[in-house]
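**Q** One structure coming up, written as structure tokens, with questions to follow.
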Amino acid sequence: MVKNVIVVGGGIGGTMTANSLVAKLYPEVSRDKVRITLISNSPWHYYKPAFMYVAFGAFYKNELRRPQASLLRPEINFVLDEVEGFEFSASRLRMSSGKTYDYDYLVVSTGCIPSPERIAGLQEAGDHFYQHDPAMQLYRKLATIEKGRIFIGVTFPKTPNVPHQCGIAPMETTLMLDEFLRQRGVRNQIEIVYTYPTVSQLLRNCLFLQKDTSEVLPAIFESKDIKYQRGFTLARVDPEKQVAISEEGQEEPFDILMQTPPIRAVDAVLNSGVSQASNNEGWLPTNRQSLQLEGFDNVFVMGDTVDLPISKAGGSCHSQSPVICNNMAGLMRIGKTVAEYDGKVQAVAQMGMEAGMPLWYDYDVDVKPTPPTKIGGLMRKGFNRGVYWSVARGLV
Amino acid sequence: MDNTPTAMTAAHPIDRVLRASPELQDQATLDGMSDLITKVAPLLQGRRLHNIVDLLAATSDIVEMADDAMVQKLMAFYEDTTGGVWAVGNALRYASARAARAEAPPTLWRSMRRLRKDDDARRGLDMAVNFLAELGRQSRATHGPMPAD
Chain A
0 MVKNVIVVGG
10 GIGGTMTANS
20 LVAKLYPEVS
30 RDKVRITLIS
40 NSPWHYYKPA
50 FMYVAFGAFY
60 KNELRRPQAS
70 LLRPEINFVL
80 DEVEGFEFSA
90 SRLRMSSGKT
100 YDYDYLVVST
110 GCIPSPERIA
120 GLQEAGDHFY
130 QHDPAMQLYR
140 KLATIEKGRI
150 FIGVTFPKTP
160 NVPHQCGIAP
170 METTLMLDEF
180 LRQRGVRNQI
190 EIVYTYPTVS
200 QLLRNCLFLQ
210 KDTSEVLPAI
220 FESKDIKYQR
230 GFTLARVDPE
240 KQVAISEEGQ
250 EEPFDILMQT
260 PPIRAVDAVL
270 NSGVSQASNN
280 EGWLPTNRQS
290 LQLEGFDNVF
300 VMGDTVDLPI
310 SKAGGSCHSQ
320 SPVICNNMAG
330 LMRIGKTVAE
340 YDGKVQAVAQ
350 MGMEAGMPLW
360 YDYDVDVKPT
370 PPTKIGGLMR
380 KGFNRGVYWS
390 VARGLV
Chain B
0 MDNTPTAMTA
10 AHPIDRVLRA
20 SPELQDQATL
30 DGMSDLITKV
40 APLLQGRRLH
50 NIVDLLAATS
60 DIVEMADDAM
70 VQKLMAFYED
80 TTGGVWAVGN
90 ALRYASARAA
100 RAEAPPTLWR
110 SMRRLRKDDD
120 ARRGLDMAVN
130 FLAELGRQSR
140 ATHGPMPAD
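Residue numbers (numbering that gives the first Met the number 0), protein chains in the order written: chain A, 0 to 395; chain B, 0 to 148.
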């Protein structure tokens, strides 16, 4: 009997996992014992981290996307449709097209959605770089501002110990912004203020979600005349007065508000009834070692959708994907999972427009910050422009 | 010139640096350096280490010269190459696996019928013809007759 494996989500996690599953299960796939399907609601695959470069005019739309089907091995059945309902108990997916799909094994990699509308006034007056169109809107402002105040803030999920999307992005973009404005020759007339909320996962009153990195930031910011402020948790925005108001009671004026917005899981995950996350954020309860959905051994969760304390970023998916492939193969072949995720995340942080800093951490060991270098910057550029697509194909 | 060791150590700034470095007060560091010097000594004596230093200098020069445009062009080449090889490899593996699955190969008539009915098969044939035509055009452009100077 054919086993149906369905991967939901055409982001980096779903794409690399579908490709890697074909490789891992090839003996079964080639004999039609296993059928692998990837479901995505978009015909395009977007390299999402490149959206932050769009905000600085450094990437065009066609450079950061590929047709989804062109990134998949031919053994994968690609379905362009949207999941409307996850029926985990029945191992069934209800689609917006009206179709249903039954599965034997499921991978949920549906990402997260920036939701600025969850903070009053933020949608109208704030900007962010986590999607293409908002990033373009931010670019238009950054490319024309001559003087004033750019206020940078970060919103964490309300679910305890769950990070915001791509933990290092606010710091990366702050340093990129400084260099971008210097290149434009307007930096002296523009004040940059970097802020961080009072609660950031397990830390309090820091500048970053990990202590070691938080401690090196003041010196970096001071060397670039970037102001910084702890304990600013954005509560609401007054679009008319252009003022950001914090839960701690401060009011800060801005000409541009660059705010990492609240995030949530996609509607179908939110409505599945399985999540125990606060504030209707929808993160799925995920076994931190096996990456199985709690209570459903045939379902695996990865990427932004998990409720784990690790970065919601491609660098997490890259380490989660082999664990899921091994565990699914283990369940099929010997009836048990065999691999454990150690929380590893790896990336090359963009530190300004030219420099980069390779980093890695896991559940137990935080990032050890090292001096940014030009070689690090070249590594990041090389990844952005080429290696990423090999990662999506499951080659790296 | 005073060559007595006492005078040299007192006067030489590098000695002060060596003494101030906590790593160099560690016996493991000194043992490691001693091993390293033993390995490097023949290279230094034969002036072969110079080549390694030149190689490092050339690598460093390339890093200095690399800019955004160069990275984009190199990575476009990388992506074209790996993407192309991956796509052709996929097609070969998939086609081969499908062809091997049937106990007996299809009759010529059945293959012709598939070619007539399957749009993708006809598109593949058209792509192969286009590929051959492009090879021919390039051959003419490279090796074809040129007017005399």
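Glycine included, every Cβ here is placed at the ideal spot set by N, Cα and C.
With DSSP collapsed to three states, give me the class of R123/B.
**A** First, the amino acid is wrong: residue 123/B is Gly here, not Arg. G123/B: helix per DSSP, three-state reduction.
**Q** Less than 8 Å between the CB atoms is what I'm expecting for I309/A and G342/A, so what's the real figure, rounded?
**A** Yes, I309/A and G342/A are in contact; Cβ-Cβ is about 5 Å, under 8 Å.
**Q** Any beta carbon of chain A sitting closer than 7 Å to that of T80/B?
**A** Not an interface residue.
**Q** Comparing the C-beta of P482/A with each C-beta of chain B, is any distance below 7 Å?
**A** A question about residue 482/A goes unanswered here, because the residues of chain A that appear run from 0 up to 395.
**Q** Using the beta-carbon of each residue, which ones in chain B are nearer than 7 Å to E74/A?
**A** Those within 7 Å of E74/A in chain B are Y93.
**Q** Any beta carbon from chain B within less than 7 Å of L377/A's own beta carbon?
**A** It does: the Cβ of L377/A has a partner Cβ on chain B nearer than 7 Å.
**Q** How is S138/B classed by DSSP in three states: helix, strand or coil?
**A** Helix.
**Q** Can you list, in chain order, the stretches of the alpha helix (DSSP H) that have 4 or more residues and sit fully within the segment 168-256 of chain A?
**A** DSSP runs (the alpha helix (DSSP H)) wholly in the segment 168-256 of chain A: 168-183, 210-222.
**Q** Within 7 Å (strictly less), CB to CB, does R29/A reach chain B?
**A** Residue 29/A is actually Ser in this sequence, not Arg. With 7 Å as the cut-off, S29/A counts as an interface residue toward chain B.
**Q** I'd like to confirm the pairing. Which residues does DSSP put opposite S39/A in its beta bridges?
**A** For S39/A, which the question treats as bridged, DSSP gives the partners L79/A.
**Q** Considering only their Cβ atoms, is the gap separating K23/A from A328/A smaller than 7 Å?
**A** In contact: A328/A and K23/A (Cβ atoms closer than 7 Å).
**Q** With a 10 Å radius around its C-beta and 16 neighbouring C-beta atoms as the bar for buried, classify A27/B as buried or exposed.
**A** With fewer than 16 Cβ atoms within 10 Å of its Cβ, A27/B is classed as exposed.
**Q** Do you know how far the Cα of R379/A is from the Cα of S108/A?
**A** Rounded to the nearest angstrom, the two C-alpha atoms are 24 Å apart.
**Q** Could you list the residues in the segment 378-389 of chain A with a C-beta less than 7 Å from some C-beta on chain B, going in chain order?
**A** Hits within the stretch, in order: K380, G381, R384, G385, W388, S389.
**Q** Could you name the residues of chain A that A75/B contacts, counting a contact when the two beta carbons are closer than 8 Å?
**A** By Cβ distance, chain A contributes R384, G385.
**Q** Using the beta-carbon count (16 or more within 10 Å), is E123/A buried or exposed?
**A** Counting Cβ neighbours within 10 Å, E123/A comes out exposed, since fewer than 16 surround it.
**Q** How many Å lie between K60/A and P260/A at the Cα?
**A** Going by the C-alpha atoms only, they are around 22 Å apart.
**Q** On the criterion of 16 or more Cβ atoms from any shown chain inside 10 Å, does Y104/A qualify as buried, or is it exposed?
**A** Buried: at least 16 other Cβ atoms inside 10 Å.
**Q** Could you please give the first and the last residue of the uninterrupted beta strand (DSSP E) stretch that includes V107/A?
**A** Start and end: 104-107.
**Q** Consult DSSP for V322/A and reduce its assignment to one of helix, strand or coil.
**A** Three-state result, V322/A: helix.
**Q** Within its chain, find whatever has a CB closer than 6 Å to the CB of G56/A; leave out the 5 residues flanking it on each side and keep chain order.
**A** Result list for G56/A: Y138, in chain order.
**Q** From the DSSP output, which residues share a beta bridge with E86/A?
**A** Note: E86/A sits in a beta bridge opposite R91/A.
**Q** Could you name the residues of chain A that D67/B contacts, counting a contact when the two beta carbons are closer than 7 Å?
**A** In chain order: K380.
**Q** Whose Cβ in chain E lies nearer than 7 Å to the Cβ of V70/B?
**A** Among the chains of the structure shown, chain E does not appear; the protein chains present are A and B.
**Q** Is the Cβ of I11/A closer than 7 Å to any Cβ of chain B?
**A** By this cut-off, I11/A is not an interface position.
**Q** Could you tell me which of R65/A, N270/A, F155/A, V366/A sits nearest to V215/A, measuring between CA atoms?
**A** It is V366/A.
**Q** Give the range of the alpha helix (DSSP H) segment to which I11/A is assigned.
**A** Run containing I11/A: 11-23, per the alpha helix (DSSP H) assignment.
**Q** How close, in whole Å, do the beta carbons of G230/A and E247/A come, if the pair is a contact with beta carbons under 8 Å?
**A** Their Cβ separation, rounded to whole angstroms, is 5 Å, which keeps G230/A and E247/A in contact under 8 Å.
**Q** Under a CB-based cut-off of 7 Å, is I35/A close to chain B?
**A** Chain B contact via Cβ: absent.
**Q** Along chain A, which residues have their Cβ under 8 Å away from the Cβ of V62/B?
**A** Ordered by position in chain A, the residues that pass the 8 Å Cβ test against V62/B are K373, I374, L377.
**Q** If you measure between the beta carbons of H44/A and R72/A, is that distance less than 7 Å?
**A** No, the pair does not count as a contact, with Cβ atoms beyond the cut-off.
**Q** So, with DSSP's three-state summary, where would you put W359/A?
**A** W359/A: strand per DSSP, three-state reduction.
**Q** Leaving out five residues on either side along the sequence, give the residues of the same chain with a beta carbon under 6 Å from the beta carbon of S389/A.
**A** V395, listed in sequence order.
**Q** Let me check understanding here. Comparing Cα to Cα, which of G110/A, G166/A, E83/A lies closest to T99/A?
**A** It is E83/A.
**Q** Opposite H127/A in the DSSP bridges: which residues?
**A** Answer is none; H127/A lacks a bridge partner.
**Q** Kindly list the residues whose CB is nearer than 6 Å to the CB of K226/A, restricted to its own chain and excluding five residues on each side of it in sequence; keep chain order.
**A** Excluding positions up to five away in sequence, the list reads V192.
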